[in-house]
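Numbering (our numbering), first residue to last: 89 to 354. Ideal Cβ placement from N, Cα and C applies to all residues, glycine included.
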Ligand SMILES: O=C1O[C@H](COP(=O)(O)O)[C@@H](O)[C@H](O)[C@H]1O
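Below, the structure written as structure tokens:
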């Protein structure tokens with residue numbers, strides 16, 4: 089159970105006592121959204137990130153979730169990907185495959201990863217084309233206020249610098265509003281070449297979960313959530329504001345430790 093649940097204009101904050109509780113809460117949340125989407129639309133379109141997120145989703149491979157989730161209805165995408173071979177240790181696809189997808193009965197043709205044998209620009213264009221086809225067939229919904237895809241759930245991590253997906257502070261990719269997927273070749277965090285969903289796509293999702301743990305991210309969590317005035321307008325995590333969807337933050341105590349007005353007793 090969450091140590092603290094707060095709703096403010098930055099979404100719902102779920103602050104968990106420890107990583108084990110966070111893993112359980114996150115698995116319950118994803119399983120519930122999957123069930124609701126399958127009931128309503130017959131499919132669940134979910135976009136993953138890389139980094140610490142996949143390990144934190146690990147409970148989904150265990151009972152009861154491995155049996156109760158309707159895995160055959162999942163369509164899997166990536167909110168960002170590093171432009172490296174799929175078997176490279178930096179690949180977000182490999183991370184998810186090894187840590188999650190190979191352990192549950194996902195339909196291989198429902199896994200939509202990037203083409204790893206072309207340039208970053210081509211990979212972004214091809215990825216956008218694939219998503220466009222799936223929007224046409226309504227495997228992925230479409231936003232009713234923009235022409236953007238409306239994923240049932242986008243799962244994001246956040247770096248200590250406040251980056252989300254591969255949208256980094258002060259990078260021009262943050263201003264991309266025409267494309268659904270863009271590419272960068274100068275990521276401040278290696279590897280340099282990446283593709284990423286743009287903010288309009290992230291903010292068109294039905295649900296966005298920010299999953300952030302560890303003390304090294306406490307300052308960025310504070311800047312992304314608290315009312316700090318106009319100091320940090322381009323902190324990417326602060327720009328995650330689903331237009332009609334729901335934003336939920338999953339934080340452990342160290343990540344939440346610099347939030348205004350939250351005091352934890354040991
Ligand atoms: O490079 C990336 O970093 C972020 C954050 O990773 P974390 O390990 O600090 O959680 C991740 O969300 C993104 O997908 C990845 O490409």
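Task: residue 170: first and last residue of the uninterrupted beta strand (DSSP E) it sits in - done: That run of the beta strand (DSSP E) goes 168-170.
Open item on the list: With the cut-off set at 7 Å, would you say residue 250 and residue 140 are in Cβ contact?
Closed with: Inclusion of residue 250 and residue 140 in the CB contact set at 7 Å is not warranted, their separation being larger than that value.
TODO: Rank 328, 152, 343 by C-alpha distance to the C-alpha of residue 304 and give the top, closest one.
DONE: Among 328, 152, 343, the Cα nearest to that of residue 304 is on 343.
Open item on the list: Does the structure place the region 221-231 close enough to the region 185-196 that three or more beta carbon pairs sit under 8 Å?
Closed with: Flag = no, the region 185-196 and the region 221-231 do not touch.
Task: Coil, strand or helix - residue 273 by DSSP - done: Residue 273: coil per DSSP, three-state reduction.
Task: Residue range of the beta strand (DSSP E) that includes residue 284 - done: Counting along the chain, residue 284 sits inside the beta strand (DSSP E) bounded by residues 282-285.
Task: Beta-carbon gap between residue 306 and residue 345 smaller than 7 Å - done: Result yes, Cβ atoms of residue 306 and residue 345 sit closer than 7 Å.
Open item on the list: Using 7 Å as the threshold, is the C-beta distance between residue 290 and residue 219 below it?
Closed with: No.
Open item on the list: Cutting at 8 Å between CB atoms, please list the residues of its own chain near residue 279, excluding the five before and the five after it.
Closed with: Cβ within range, chain order: 170, 171, 172, 178.
Open item on the list: Please identify the residue among 315, 326, 300 whose C-alpha is closest to the C-alpha of residue 348.
Closed with: Per the C-alpha coordinates, the member of 315, 326, 300 positioned closest to residue 348 is 315.
Task: Span of the beta strand (DSSP E), counted from its first residue to its last, around residue 256 - done: Boundaries cannot be given for residue 256, as no beta strand (DSSP E) includes it and DSSP labels it neither H nor E.
- [ ] Check whether the Cβ atoms of residue 138 and residue 180 sit closer than 7 Å, and answer yes or no.
- [x] Yes; because the gap between Cβ atoms is below 7 Å, this pair is in contact.
Open item on the list: Does residue 134 come out as helix, strand or coil in the three-state DSSP assignment?
Closed with: Residue state, collapsed to three classes: strand.
Task: Beta-carbon proximity check, residue 337 vs residue 101, cutoff 7 Å - done: Yes, the pair counts as a contact, with Cβ atoms nearer than the cut-off.
- [ ] Have a look at residue 252 and residue 94 and give me their C-alpha separation to the nearest angstrom.
- [x] If I take the Cα positions, the gap works out to 22 Å.
Open item on the list: Which of the three DSSP states is assigned to residue 299 in this structure?
Closed with: Judged by DSSP in its simplified three-state form, residue 299 adopts strand.
Open item on the list: Taking the straight line between their C-alpha atoms, what separation do you get for residue 151 and residue 341?
Closed with: In this structure, the alpha-carbon of residue 151 lies about 26 Å from that of residue 341.
Task: Where residue 159 sits in the DSSP three-state scheme - done: Three-state result, residue 159: helix.
Open item on the list: For a test of the three-state rule: what should DSSP assign to residue 309, helix, strand or coil?
Closed with: Residue 309 falls in the helix class under three-state DSSP.
Open item on the list: Could you pull the DSSP bridge partners for residue 237 from this structure?
Closed with: Looking at the DSSP output, residue 237 sits in a beta bridge with 230.
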